[in-house]
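Numbering (my numbering), first residue to last: 4 to 224. For each residue, glycine too, the CB sits at the ideal point set by N, CA and C.
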């Protein structure tokens, strides 16, 4: 079996002093920015990243992780016992990519070709909530918990501010067990979730929550 050559060297440089050009040299190669996206909510194991990016082979993921580490965007470390596993995480500088991801995601959502019902990862769903949050005056405090693919996530609104992350909050006003694409479809495309998805809370509370996230208008052709 022929193995793909692994290299940490970036692609052909643009030889351009523009910061945007250098940014593309750092994270502009295929999959690189999506690997960084999957680390936005905290450290992940190699297997976690593979599961979240099913279209990415293990060989290419190894290559992208090495390149991002070489660029100073991510780092490797080993968790303390009893876990003792190796994980990847964004550096402080790498975490600054979130604002760029949010601006880029909001811009791309205006594309007539954007389909919010396509498959997406749980981290991508949580970041979309951060991106599309549009609070209304007097919005009520609430905590929505999500069980997505065997992992726990939450979105909390407190004092009008939104936070999202990994973990199982207790208590929660709404607790859902579903898939990221089903939840995204319910929030952004008015596709109803089945009653069985609601472990705690009711549909009315979730609909209030979903109404706080709005996709931008489509760009004219």
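Of all the options 115, 120, 152, 92, which has the alpha carbon lying nearest to the alpha carbon of residue 223?
Taking the chain shown and counting its residues from 1, the one referred to as residue 223 is at position 220. Taking only the C-alpha atoms, the option nearest residue 223 is 115.
Verify whether the separation of the beta carbon atoms of residue 187 and residue 196 is less than 8 angstroms.
The residue given as residue 187 occupies position 184 in the chain shown. The residue given as residue 196 occupies position 193 in the chain shown. No; because the gap between Cβ atoms is not below 8 angstroms, this pair is not in contact.
With distances taken Cα to Cα, identify the nearest neighbour of residue 192 among 175, 172, 118, 56.
Indexing the chain shown from 1 puts residue 192 at position 189. Measuring from the Cα of residue 192, the nearest candidate turns out to be 118.
Here's the rule I'm using: 16 or more other beta-carbon atoms within 10 Å means buried, otherwise exposed. How should residue 176 be labelled?
Within the chain shown, numbered from 1, the residue matching residue 176 stands at position 173. Residue 176 is buried by the Cβ-count criterion.
Rounded straight-line distance, which links the Cα of residue 130 to that of residue 204:
Position 201 of the chain shown, counted from the start, is the residue given in the question as residue 204. Position 127 of the chain shown, counted from the start, is the residue given in the question as residue 130. In a straight line, the C-alpha of residue 204 is about 23 angstroms away from that of residue 130.
Counting beta carbon pairs with one atom in the segment 33-50 and one in the segment 84-104, are three or more of them shorter than 8 angstroms?
yes
Nearest CA to the CA of residue 148: which residue from 200, 105, 162?
What you label residue 148 is simply residue 145 of the chain shown in a count that begins at 1. Taking only the C-alpha atoms, the option nearest residue 148 is 200.
Okay, do the segment 166-181 and the segment 202-217 touch, 3+ Cβ pairs below 8 angstroms being the bar?
As far as the Cβ criterion goes, the segment 166-181 touches the segment 202-217, which means the pair count is three or higher.
Nearest candidate by alpha-carbon position, reference residue 30, set 72, 46, 123, 139:
By 1-based counting over the chain shown, the position of residue 30 is 27. Checking every option, the nearest Cα to that of residue 30 belongs to 72.
Segments of 3+ residues assigned as beta strand (DSSP E) that fall wholly inside the segment 50-110
77-81, 89-93
Grab me the residues of residue 163's own chain with a C-beta within less than 8 angstroms of its C-beta, minus the 5 sequence neighbours each way, in chain order.
If you number the chain shown from 1, residue 163 lands on position 160. Closer than 8 angstroms at the Cβ level, and outside the excluded window around residue 163, lie 138, 142.
What would DSSP say about residue 217, mapped onto helix, strand or coil?
The sequence position of residue 217 within the chain shown is 214, counting from 1. Residue state, collapsed to three classes: coil.
Excluding the five sequence neighbours on either side, which residues of its own chain have a C-beta within less than 6 angstroms of the C-beta of residue 159, listed in chain order?
Position 156 of the chain shown holds residue 159. Only 146, 166 meet the Cβ criterion.
Going by DSSP in three states, residue 156 sits in which element: helix, strand or coil?
Stepping through the chain shown from its first residue, residue 156 is reached at position 153. Three-state DSSP puts residue 156 in a strand.
Straight-line CA distance for residue 87 to residue 151?
As a first step, residue 87 is located in the chain shown; it is residue number 84 there, counting from the start. As a first step, residue 151 is located in the chain shown; it is residue number 148 there, counting from the start. If you take the alpha carbons of residue 87 and residue 151, they lie about 25 angstroms apart.
Is residue 113 closer than 8 angstroms to residue 219 when the C-beta atoms are compared?
In the chain shown, the residue the question calls residue 219 occupies position 216. In the chain shown, the residue the question calls residue 113 occupies position 110. Going by C-beta atoms, residue 219 is nearer than 8 angstroms to residue 113.
Alpha carbon to alpha carbon, how far is residue 63 from residue 103? Give it in angstroms, no decimals.
Locating residue 103 in the chain shown gives position 100, where the first residue counts as 1. Locating residue 63 in the chain shown gives position 60, where the first residue counts as 1. One C-alpha to the other measures close to 24 angstroms.
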